[in-house]
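Each remark here refers to the structure printed beneath this line.
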Amino acid sequence: METRILIIEDNPANLDLMVYLLNHFGYLTITAMDGKEGLALATKEIPDLIICDIQLPTLNGYEIAQKLNQDPKLSHIPLIAVTAFSMVGDRDKILSSGFDDYIAKPIDPENFVKRIESFLKTHQKSNKTKKKE
Ligand code: MN
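In structure tokens:
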């Protein structure tokens, strides 16, 4: 079964690049450009992985991570932050805020999908709460 990845990103160029790269390597993508839409799609689609920007309209990445981790139907879904870092400490803040990993912007087309693949191999969360749609 194909791996379905939800991408929540409000920058169209970054979103298009991630969709292009993931589709090229056979992943199915679902996209949202603001936080509330992303959370609604996560609830509706139960994707295999969520890639999430931090600075987003309506709900930011930290708020999305908190809501995902508080929902028993969604807390098993692995969550990767994709964000630019301007301050020391962001990495620790991200990893202590419910994200399982992060990828720094700008997106590196050579390595992005490799990072996603190795993440999926090593960071599978428990699926015990996973439900049929
Ligand atoms: Mn953004």
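Residue numbers (the numbering used here): 11 to 143.
Where is the CB? At the ideal position from N, CA and C, for every residue including glycine.
In this text the structure is predicted, and so the values were computed from the model without any measurement.
Assuming residue i is part of the alpha helix (DSSP H), what are its boundary residues?
| i | result |
| --- | --- |
| residue 72 | 71–80 |
| residue 145 | Nothing about residue 145 can be reported from this structure: the residues present for the chain run from 11 to 143 only. |
| residue 87 | No alpha helix (DSSP H) contains residue 87, which DSSP labels as neither H nor E. |
| residue 104 | 100–105 |
Tell me which residue opens and which closes the beta strand (DSSP E) that residue i is part of.
| i | result |
| --- | --- |
| residue 39 | 38–42 |
| residue 18 | 14–18 |
From the options, pick the residue whose C-alpha is nearest to that of residue i; which is it?
| i | options | result |
| --- | --- | --- |
| residue 48 | 25, 34, 123 and 124 | 25 |
| residue 114 | 13, 28, 75 and 16 | 28 |
| residue 125 | 54, 42, 67 and 59 | 59 |
| residue 54 | 78, 32 and 31 | 78 |
| residue 34 | 93, 120 and 130 | 120 |
| residue 133 | 93, 16, 38 and 88 | 88 |
| residue 11 | 131, 83, 37 and 75 | 37 |
| residue 94 | 123, 116 and 104 | 116 |
| residue 57 | 128, 15, 106 and 123 | 15 |
| residue 70 | 128, 13 and 19 | 19 |
| residue 64 | 123, 131 and 111 | 111 |
| residue 32 | 129, 131, 45 and 122 | 122 |
With DSSP as the reference, label residue i as helix, strand or coil.
| i | result |
| --- | --- |
| residue 111 | strand |
| residue 141 | Per-residue confidence for residue 141 stands at a pLDDT of 42, beneath the threshold of 50, marking its modelled position as unreliable; the derived number appears in the next sentence. Note: residue 141 maps to coil in three-state DSSP. |
Closer than 5 Å to the ligand MN: residues, by C-beta to nearest heavy atom, in chain order: 20, 63 and 65
Completely contained beta strand (DSSP E) runs for the region 21–68, where each covers 3 or more residues: 38–42 and 59–62
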